[in-house]
Every structure is written in C-alpha cells, then in structure tokens.
Amino acid sequence: MCSHHIRKRNVPNLAANYGFRYPEQPSCLSELNDLEERFVALRIPFMQIRELGRDRQYGIKGSVTNVPNDLHKSVDCLPRNVNDSATIYVKLKKRLCFKSHFMYQCVNPNRVYNAALYLMNKPLYQSQNVNIDLEWLEKFRTESFPEGSNAFADLNPISSEENDESDIDDDDYDDPFVNPAPAETVINKLNTNIDAGLALAPGEDQTPLSVLFDDLAEQLSYPRIYCGDMRRFTRKKPPTYSEIVKSELRRYDRRDATPQKILYSHQKNLHKLLLSSIQICFRNKIPTDSSLTAQQVQDQQCLRQLFYKNQAYKTIKCSPAHWENEKNRVCAQIRQFGMPTLFLTLTAAISCTNNANTKNANTKNADNHG
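Quick note on numbering: the sequence shown equals residues 0 to 369 in numbering that gives the first Met the number 0.
Here it is as structure tokens:
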C-alpha cells in the first residue's frame, strides 16, 4: 500500500506524519497489568473472550458493554497503604451479587495511584472533568502493612442465599479435568483459595453507553495504549474508523496487539458498518417530495401514511414497494429497447440426450410434411 503511493510520489494515506502514531508511553502506564488498567480507565469494556479450538486463538461472544467508570470511586476503594511491592487480590465484577467475575488479578495500589495522578493532567481526562482526592495517599498511611506481602479481604460480602439466586452464566465455568497434570511452577505452594481477595464492581450503578455514539470510548477504555491523549489527524480527508484500526494493527509499536483490543476494535467496526447500512436504508425510505424528521417518525399517523403509500419498505425484497420499483425498471427497459423477444437456450448436455434429439427430429418431419 505504501509502495503504491511512493511510486506515484505521494504521501501514503496512513503515514505517521498525518497523526497515525501512538504517544510516548510513560513507565507508570507501561507497568500496569490488565486489571490495574481498568482501575484508571474511565470506561470499562465488558466482553466475553474465549479460546477457540486447540489453536489457542481467541474469539468474542456477544457484544461489548461500554460502562462508565468513576476514577475517584475506583481508586479510593483500594483499602491498603501503598508500598512499592504491596499487592492485593481483586475480582472485578459486573455486579457484586454475581458469583462469576470479569477479571481476577493482583493489583498494586501504588502503581494504580501513580497512573491516576499522571492521567489527571492529560487533556483527555481533563475534558471529562476527572478529579481525585489528593489526600488518598496519606489516608491509609496509618495502617500497618508489611512490605512485600499480599493483602486478602473477604470476597463474599453477601449471603449464600443471595448467591444462589443470582444470574450466572454456566459457560463461565469449565469442568475439572479427569486426570489433571501437575502444575509446572517455581512456586512451592500455590494459593488455591479463590474466595480470598477483594470484590469490586465500580460500574454497577452506571448506565452503559453505546460504543457507536461514545466518540472517546476507545481512548478512555485503554489508557495504557493512548496515554490519556486524543487522536489528532492532520490529513485533509478525515480517516474512517477502518483506516484507523488498519493503521494501529500495522504499526511497529505493538502495545495494542492484545486479544482484548483487537476484538474490541473488530466489534466496534462491525457495529459502525451495520449503522452505516441502516442509515442508507433509512434514506431510501424517505419520500422524494419531503424530508422526514424525528418528530414525524414518532408520530403514528405519519408512519401509517408511509405504510399506506408503500414508502416504508422500499429496500425489502418481495414487498409491494420493491415490486413497484422493479416494474418501473422493466417499463423503462421496454421504452428504451422495445418489446423483448422470448427465446429458449439449450445447453450441450441437453442437446445430446436421446429424448431431445427425438423430439427435434419429429418436429422437423412434421414441418416438412406440412
């Protein structure tokens, strides 16, 4: 693609000079893991990503749920002081009443807080009016927490009766192996107590936003990739979302080469293509003599008139409006080329059959005698 433009002495459409590049990634963001990134992100993309087959490829099931996240609330809920090597086991859930979790990892509060302080001064977060309590760092200094250890909290704040009545996706649980192999690890003893840790649901009381109409959803969901900066392109023709995704996947900086980010971009691109097709179909339904407003669409009487005049289903095949359009095309063809001639074409396989040859011979004999 670039060689094609270079041979014509033109700048490629996806050149880095046009803004198709990532900002410089600071160390406070590069050292974050996936769960720590969710704490400082202003959008939490909930997705069901699963392994497909034996090739260890990943696929997404369902759609992407874009949930707003309150940065001050998510950072303030970490209940330990912040030593450099202190970690906490955290389960991120959609709702606290759910048994299944979305993510489960160790979180370093010190890294989360440093990343939040850095992102607060970035233009993307300032445009969202993000504020964080600067006294949070000193609030937990009084708690004794030995350096280099892990903190555990109760992960089951609700009773067992509430857990049994919660909505659970059975696909989230895998059957145990019949003959499990020993785990290959350098750790002497594994902590298999999955009920230890801290259960958090920062987006439980938030209303999900559409990925299509939330313009900054992708930048706010992945601060480790975009580092709190907005996308700025200097090309005269604004790039499409497909071009942006194509450029990100081809860059030498592979910070976005993760299954979560690739499947997120793929799902968003599919939704944009679907929305574009719907808009085209909607334009085809608009009458030619007048424009259609949102108020008219909500008016039941106006919709009945569109249905009565066969203007609502123009693009649906076998509908009255569809056949009316086809009739107009046939009439235009007759006016331009005249009346059509009906003819029959026989293939070579049919002409070689005995029945076809016999019928043709009988027809010729009848014509000769007649």
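The C-beta atom is built at its ideal place from N, Cα and C for all residues, glycine as well.
Segment contact, 8 Å Cβ cut-off, at least three pairs: the stretch 8-22 with the stretch 93-112: Proximity of the stretch 8-22 to the stretch 93-112 falls short of the contact definition, fewer than three beta-carbon pairs being nearer than 8 Å.
Rounded C-alpha distance that separates residue 5 from residue 14: The alpha-carbon atoms of residue 5 and residue 14 are separated by roughly 11 Å.
Cα-Cα separation between residue 327 and residue 345, rounded to whole angstroms: Approximately 30 Å between the Cα atoms of the pair.
Sufficient close CB pairs (3 or more, under 8 Å) joining the stretch 36-49 to the stretch 60-80: Contact between the stretch 36-49 and the stretch 60-80 is present: 3 or more CB-CB pairs across the two stretches fall below 8 Å.
For residue 61, the nearest candidate out of 18, 244, 229, 48 (CA to CA): With distances taken between Cα atoms, residue 61 lies closest to 48.
Rounded straight-line distance, which links the Cα of residue 316 to that of residue 252: Each residue's alpha carbon lies about 47 Å from the other.
Three-state class that DSSP yields for residue 43 in the structure shown: It is a strand residue.
Same chain, Cβ closer than 7 Å to residue 131, five either side skipped, listed in chain order: Taking C-beta separations shorter than 7 Å and ignoring five residues to either side along the sequence, the partners of residue 131 in its chain run 70, 71, 74, 115, 119, following chain order.
Pair within 9 Å by beta-carbon distance, residue 255 and residue 21: Judged by their CB atoms, residue 255 and residue 21 are nearer to each other than the 9 Å cut-off.
Pairwise C-alpha distance: residue 257 and residue 94: Approximately 26 Å between the Cα atoms of the pair.
Spatial neighbours of residue 361 in its chain, beta-carbon cut-off 7 Å, leaving aside the 5 residues before and after: Cβ neighbours of residue 361 beyond the five flanking positions: none.
Distance between residue 2 and residue 92 (C-alpha atoms, nearest Å): So the two alpha carbons sit approximately 47 Å from each other.
Best match in 32, 46, 113, 50 for proximity to residue 104 [C-alpha to C-alpha]: Restricting attention to 32, 46, 113, 50, the CA atom closest to the CA of residue 104 is found in 32.
Burial state of residue 339, where buried means 16 or more other Cβ atoms lie within 10 Å: Counting Cβ neighbours within 10 Å, residue 339 comes out exposed, since fewer than 16 surround it.
Cβ neighbours of residue 250 in the same chain (closer than 8 Å, five flanking residues each side left out): Within the same chain, residue 250 has close Cβ partners 19, 20, 21.
Residue 58 versus 335, 261, 304, residue with shortest Cα-Cα distance: Looking at the Cα atoms, 261 is the closest of the given residues.
With 16 other Cβ atoms within 10 Å as the buried cut-off, status of residue 90: By the Cβ-count criterion, residue 90 is buried, with 16 or more other Cβ atoms from all chains shown falling within 10 Å of its own Cβ.
CB-CB length for residue 201 against residue 64, believed under 8 Å: The Cβ separation is near 14 Å, so there is no contact.
Contact check, residue 17 vs residue 234, beta carbons under 9 Å: Note that the C-beta distance between residue 17 and residue 234 is below 9 Å.
Collapsed DSSP secondary structure at residue 34 in the structure displayed: DSSP places residue 34 in helix when its eight states are reduced to three.
Alpha-carbon to alpha-carbon, residue 53 and residue 181: Confidence at residue 181 is low in this model, with a pLDDT of 42, below 50, so its placement is unreliable and no value can be given for it.
Beta-carbon proximity list for residue 334, same chain, < 6 Å, skipping 5 on both sides: Here the set comprises nothing.
Own chain partners of residue 111 with C-beta closer than 8 Å, once the 5 adjacent residues on each side are dropped: These residues qualify, in order along the chain: 31, 35, 38, 39, 74, 77.
Beta-bridge pairing of residue 198 - partner residues as DSSP gives them: Residue 198 has 90 as its beta-bridge partners, per DSSP.
Cut-off 7 Å between Cβ atoms - residues of its own chain near residue 241, not counting five sequence neighbours on either side: Closer than 7 Å at the Cβ level, and outside the excluded window around residue 241, lie 268.
Closest residue to residue 126 among 341, 219, 209, 325 (Cα-Cα distance): Checking every option, the nearest Cα to that of residue 126 belongs to 219.
Reference residue 56; option with closest CA among 259, 197, 244: Nearest to residue 56 by alpha-carbon distance, out of 259, 197, 244, is 259.
For residue 246 and residue 129, the rounded distance between their alpha carbons: If you draw a straight line from the Cα of residue 129 to the Cα of residue 246, it comes to about 30 Å.
Nearest residue (CA-CA) to residue 23, options 85, 341, 45, 225: In this structure, 225 is the residue among 85, 341, 45, 225 with its C-alpha nearest to the C-alpha of residue 23.
Bridge partners - residue 64, DSSP secondary structure assignment: In the DSSP output, where bridge partners are listed per residue, residue 64 has 45.
CB contact flag (residue 28, residue 222, <9 Å): A distance below 9 Å separates the beta carbons of residue 28 and residue 222.
Cβ separation of residue 122 and residue 229, assumed to be a contact under 8 Å, to the nearest whole Å: Confirmed, about 6 Å.
Range of the contiguous alpha helix (DSSP H) that encloses residue 102: Per DSSP, residue 102 belongs to no alpha helix (DSSP H); it is in the beta strand (DSSP E), 102-106.
Proximity to residue 199 [Cα-Cα], best of 331, 330, 106, 337: When only C-alpha atoms are compared, the closest one is 106.
Straight-line gap, residue 303 to residue 271 (C-alpha atoms, nearest Å): Taking the straight line from one Cα to the other gives about 30 Å.
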